[in-house]
Amino acid sequence: MTKRLLAFLFFTLLSAELIACGNNKTENSRSPKESIETETSQRITVEEITLDNTEISHDSQAIEENPQNTPENKPEHTLNDIENYLLDQGLLSGERTQMAAGLIGGIDGFKYSSSAGEIYEYDVNSDAYKKLSNGESITLEGMEGYSLKAVSTNGKFVLFGENIPQELIDAFDAFN
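The opening position of the sequence shown corresponds to residue 247 in the working numbering, with each subsequent residue numbered one higher.
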């Protein structure tokens with residue numbers, strides 16, 4: 247009985263060790279489509295690489311010559327970024343409402359119940375954005391005769407509303 251128990255424990259431990267070693271990945275066992283960082287700050291996305299490195303095919307290649315946050319490499323902001331910035335400034339409060347941005351040619355938008363402004367993200371190449379950034383008004387889709395004019399634009403973001411506190415406008419304009 248004792249021999250059987252010892253044999254069972256031995257094989258259990260041996261199996262666990264083999265499984266654990268099998269899951270240990272080495273430097274040469276990269277998975278397909280893994281992004282590889284080299285010492286020269288170049289990133290290459292690889293579709294397939296063999297262990298002996300004789301066959302390499304690539305899906306796409308991206309080279310980062312200057313990885314610092316210079317203006318040309320500055321990350322693009324999202325609508326969530328400007329929202330969080332204004333929340334941190336204490337300029338947005340109340341209940342958040344998702345807006346139907348498509349009705350005014352936007353991509354996405356939101357407003358807060360206790361704040362006067364509505365903020366939208368636009369495609370900067372869209373006709374609606376071009377009009378708004380030039381100080382023109384746009385017509386609300388499906389509601390002829392009702393038009394909107396931007397209070398301010400900042401990159402791809404547009405601020406709409408009436409009686410917006412200057413502090414909110416200034417913070418919106420300062421976001422970068």
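No residue lacks a Cβ here, since even glycine has one placed at the ideal position from N, Cα and C. None of these values were measured; they are calculated from a predicted model.
Looking at the structure shown, is residue i part of a helix, part of a strand, or coil, going by DSSP?
i      : result
Ile353 : coil
Glu367 : strand
Leu337 : coil
Gly388 : coil
Gly348 : helix
Glu204 : Any question about residue 204 goes unanswered here, given that the chain covers just 247 to 422.
Span of the beta strand (DSSP E) holding residue i?
i      : result
Glu413 : Taken as a continuous stretch (DSSP letters only), Glu413 belongs to no beta strand (DSSP E), being part of the alpha helix (DSSP H) at 412 to 420.
Gly407 : 403 to 407
Please classify residue i: is it buried, with 16 or more other beta-carbons within 10 angstroms of its beta-carbon, or exposed?
i      : result
Tyr375 : buried
Ala346 : exposed
Ala420 : exposed
Ala308 : Interpretation of Ala308 is limited by its pLDDT of 41, a score under 50 that renders its predicted location unreliable; no figure is taken from the coordinates.
Ser361 : buried
Glu367 : buried
Val404 : buried
Tyr358 : buried
Lys395 : exposed
Gly352 : buried
In the DSSP assignment, what residue or residues form a beta bridge with residue i?
i      : result
Lys395 : Ser383
Tyr358 : Arg342
Asn400 : Phe403
Is residue i near the ligand FAD, with its Cβ less than 7 Å from a heavy atom?
i      : result
Asn400 : Because no ligand of any kind appears in the structure shown, any question about the ligand FAD cannot be addressed here.
Check the C-beta distance from residue i over to residue j and give it rounded, since I have them as a contact under 8 Å.
i      : j      : result
Glu364 : Gly355 : 6 Å
Ile384 : Ser398 : Their Cβ separation, rounded to whole angstroms, is 15 Å, which puts Ile384 and Ser398 out of contact at 8 Å.
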